[in-house]
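S.K.: Encoded as structure tokens, here's the structure I'll be asking about.
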Amino acid sequence: MGISAQNSHTILCDYIFPDMFSRLFPVYYYDALNHQMLEPCESLLSNKNLKNSYRDQWCRFILRFFCCCLPCNTSFSCLRTDIDVIMKYNDRNLQNGNLSKTLRSATKRNSSSTDSSPSLFNLEDSPNATGFVKIVLNTNMSKTLVAPWQTFCEFSINGRTYFSSSMIRKAVFDSVNSVDENSLPASRIFGPFKHPPHIELETKGPAVKLTMFPIGQAWYWNENQKFVIFEADLVFGIHCHRKWPPCAQIWFSRPRFWPSATDVEHLKESGYVLVAKSSKTSQGHENDLEWLVSFPHCETYLGRRIPPVARAGYLALKIILKDHLIYICEGLKTYQLKTVLFWELEKHPMEFWEIGNIEECFLCLFDSLIECLRRRNCPSFWIENHNLLQDCDEDEIAELLFVLQRIRSNPAPYVEDLGSMWC
1 MGISAQNSHT ILCDYIFPDM FSRLFPVYYY DALNHQMLEP CESLLSNKNL
51 KNSYRDQWCR FILRFFCCCL PCNTSFSCLR TDIDVIMKYN DRNLQNGNLS
101 KTLRSATKRN SSSTDSSPSL FNLEDSPNAT GFVKIVLNTN MSKTLVAPWQ
151 TFCEFSINGR TYFSSSMIRK AVFDSVNSVD ENSLPASRIF GPFKHPPHIE
201 LETKGPAVKL TMFPIGQAWY WNENQKFVIF EADLVFGIHC HRKWPPCAQI
251 WFSRPRFWPS ATDVEHLKES GYVLVAKSSK TSQGHENDLE WLVSFPHCET
301 YLGRRIPPVA RAGYLALKII LKDHLIYICE GLKTYQLKTV LFWELEKHPM
351 EFWEIGNIEE CFLCLFDSLI ECLRRRNCPS FWIENHNLLQ DCDEDEIAEL
401 LFVLQRIRSN PAPYVEDLGS MWC
């Protein structure tokens with residue numbers, strides 16, 4: 001069941017993606033716990049930070065045992081995080097045919113050599129959904145480059161061959177589902193007493209979620225109190241290096257206190273990633289062709305620059321979400337909370353995020369979330385016209401607002417610390 005540290009990267013690339021994936025896509029690992037991207041040459045489990053996160057497994061086992069045996073909620077389980085694995089194909093010349101000038105102005109380096117080169121993919125804005133694009137395969141490129149991708153091109157419209165997001169999602173799921181159970185990462189707490197774990201595999205948006213539980217875990221108080229051996233979201237994406245999408249150009253001109261001008265320049269160079277997710281507003285074949293514009297590298301970079309007080313407020317909101325809100329509205333995710341945090345960091349000077357002001361900082365984030373729900377609009381931090389709440393049910397939002405108002409009157413009991421699990 002287990003794998004050695006030096007072989008973990010090989011297993012993820014060659015077993016989960018045995019064919020074209022392992023040859024074409026360099027894999028980057030995003031450590032959500034420590035907010036950093038791990039380079040392809042680094043092993044998933046040999047990395048020092050990740051290794052340390054597994055080191056206290058006996059302690060975690062004891063704590064989770066109490067979580068499962070005592071009828072109480074705990075912030076320990078609510079703050080559990082997973083590993084996000086982004087399988088990237090780097091197309092450094094990716095261009096939008098109608099807006100190539102805008103794209104060229106968004107990058108400063110290699111503009112003469114990079115943008116003039118032919119690209120394997122070209123972009124078209126989706127007419128039905130902001131923040132989504134369609135990817136056109138450039139069939140004029142050499143057959144060696146084009147042939148592997150044509151398998152995932154389902155539609156040809158007006159002589160254009162479109163890259164199918166739905167076919168890619170299915171290919172990723174099938175590849176992960178075919179992995180030998182013995183090749184998957186295993187828990188370190190069982191040692192020689194290893195048993196085959198219980199494995200769950202499901203599609204969540206653009207990701208394939210792989211979760212492993214110890215065998216024999218037949219019951220638990222709630223979803224957050226499961227003892228998880230290994231948990232990861234695997235996402236395929238096309239990295240548009242040193243590019244910036246036209247739909248997010250206004251982001252650079254917004255007045256802000258955060259991030260700094262130097263950080264903004266760095267973000268511009270980081271580029272964006274197209275992930276295989278379609279909008280829920282599109283119908284028919286359009287739904288199979290759309291790709292979501294996302295900014296994982298930028299968000300990882302900004303995550304390391306969040307003031308400690310702001311981070312504490314975000315974690316408190318996350319505890320409330322996991323313990324009291326997620327059962328009311330499944331459409332409300334931690335990503336919306338992170339978006340609210342980014343917006344408030346942009347609006348307030350750094351002096352606001354001081355330890356002596358921690359209560360006001362938390363209420364600022366809390367009130368901002370309530371206001372987004374009232375307006376039924378949580379604009380993306382990067383693309384303002386993209387509403388992150390558009391898929392949420394109206395009745396669920398109404399009930400959510402009622403509960404949030406009750407929590408707002410006295411939030412302290414809803415935010416439990418680690419010591420509360422010993423109650």
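Position 394 (the sequence shown) corresponds to 394 in UniProt numbering; numbering is contiguous. From the three backbone atoms N, C-alpha and C, an ideal C-beta is built for every residue, glycine too. Predicted, not measured: the structure shown is a model, and the values here were computed from it.
1) Considering F342, what are the terminal residues of the alpha helix (DSSP H) in which it resides?
2) By how many angstroms is the C-alpha of V293 removed from the C-alpha of A232?
3) I'd like to check one pair, I370 with L401: are the Cβ atoms closer than 8 Å?
4) Classify V172 as helix, strand or coil using the three-state DSSP reduction.
5) Rounding to the nearest angstrom, what Cα-Cα distance links S156 and H324 in this structure?
6) What does a CB cutoff of less than 8 Å around S368 pick up in its chain, not counting 5 residues either side in sequence?
7) According to DSSP, what are the bridge partners of A207?
8) Could you tell me the distance, in whole angstroms, from the CA atom of D391 to the CA atom of G331?
9) In the DSSP output, which residue or residues are listed as bridge partners for L292?
10) Per DSSP, R160 is paired with what?
11) Could you tell me the boundaries of the alpha helix (DSSP H) in which E359 lies?
12) In the DSSP output, what is P379 paired with across the bridge?
13) Between the region 371-378 and the region 275-289, are three or more C-beta pairs nearer than 8 Å?
14) Looking at L389: is its Cβ nearer than 8 Å to the Cβ of C378?
15) Could you give the DSSP three-state label for L267: helix, strand or coil?
16) Return the CA-CA distance between A276 and N90, expressed in angstroms with no decimal places.
17) Where does the unbroken alpha helix (DSSP H) through K243 begin, and where does it stop?
18) Give the secondary structure of N52 by DSSP, where H, G and I count as helix, E and B as strand, and everything else as coil.
19) Contact defined as beta carbons within less than 8 Å: I believe T144 pairs with C153. What is the distance between those atoms, to the nearest angstrom?
20) Can you tell me the Cα-Cα spacing of R256 and L315, whole angstroms?
21) Provide the residue span of the alpha helix (DSSP H) that contains D395, from first to last.
22) Considering only their Cβ atoms, is the gap separating W382 from F295 smaller than 8 Å?
M.R.: Quick look at the numbers:
1) Numbered from 1 along the sequence shown, position 342 holds the residue referred to as residue 342. That run of the alpha helix (DSSP H) goes T334 to K347.
2) Residue 232 sits at position 232 when you count from the first residue of the sequence shown. Residue 293 sits at position 293 when you count from the first residue of the sequence shown. Straight-line Cα distance between these residues: approximately 21 Å.
3) On the sequence shown, residue 401 is found 401 positions in, with the first residue counted as 1. On the sequence shown, residue 370 is found 370 positions in, with the first residue counted as 1. Yes, Cβ-Cβ distance for L401 and I370 is below 8 Å.
4) What you label residue 172 is simply residue 172 of the sequence shown in a count that begins at 1. Three-state result, V172: helix.
5) Residue numbering aside, residue 156 sits at position 156 when the sequence shown is read from its first letter. Residue numbering aside, residue 324 sits at position 324 when the sequence shown is read from its first letter. Straight across, the Cα-Cα distance linking S156 with H324 is about 47 Å.
6) Translated into positions along the sequence shown, residue 368 becomes position 368. V340, W343 and E344.
7) One-based indexing of the sequence shown puts residue 207 at position 207. By DSSP's assignment, A207 forms a beta bridge with K204 and V235.
8) Locating residue 391 in the sequence shown gives position 391, counting from the first residue. Locating residue 331 in the sequence shown gives position 331, counting from the first residue. Rounded to the nearest angstrom, the two C-alpha atoms are 7 Å apart.
9) Position 292 of the sequence shown, counted from the first residue, corresponds to residue 292. Answer is F132 and V275.
10) Along the sequence shown, read from residue 1 onward, the residue named residue 160 stands at position 160. DSSP lists I157 as partners of R160.
11) Taking the first residue of the sequence shown as position 1, residue 359 is located at position 359. DSSP places E359 in the uninterrupted alpha helix (DSSP H) bounded by I358 to R374.
12) Indexing the sequence shown from 1 puts residue 379 at position 379. According to DSSP, P379 bridges with N387.
13) Short answer: they don't touch.
14) Residue 389 sits at position 389 when you count from the first residue of the sequence shown. Residue 378 sits at position 378 when you count from the first residue of the sequence shown. For L389 and C378, yes; Cβs fall inside 8 Å.
15) In the sequence shown, counting from the first residue as 1, residue 267 sits at position 267. Correct three-state label for L267: helix.
16) Locating residue 276 in the sequence shown gives position 276, counting from the first residue. Locating residue 90 in the sequence shown gives position 90, counting from the first residue. Approximately 15 Å, taken between the alpha carbons.
17) Stepping through the sequence shown from its first residue, residue 243 is reached at position 243. Where K243 is concerned, there is no enclosing alpha helix (DSSP H), given that its DSSP letter is neither H nor E.
18) Locating residue 52 in the sequence shown gives position 52, counting from the first residue. With a pLDDT of 40 at N52, under the threshold of 50, the modelled position of that residue is not reliable, and no figure is offered here.
19) What you label residue 144 is simply residue 144 of the sequence shown in a count that begins at 1. What you label residue 153 is simply residue 153 of the sequence shown in a count that begins at 1. That belief does not hold up - the Cβ atoms of T144 and C153 are roughly 16 Å apart, past 8 Å.
20) For the purposes of this step, residue 256 is taken as residue 256 along the sequence shown, with counting starting at 1. For the purposes of this step, residue 315 is taken as residue 315 along the sequence shown, with counting starting at 1. Their backbone Cα atoms lie some 23 Å apart in a straight line.
21) If you number the sequence shown from 1, residue 395 lands on position 395. E394 to S409 is the extent of the alpha helix (DSSP H) around D395.
22) Within the sequence shown, numbered from 1, the residue matching residue 295 stands at position 295. Within the sequence shown, numbered from 1, the residue matching residue 382 stands at position 382. Yes, these two residues count as a Cβ contact at 8 Å.
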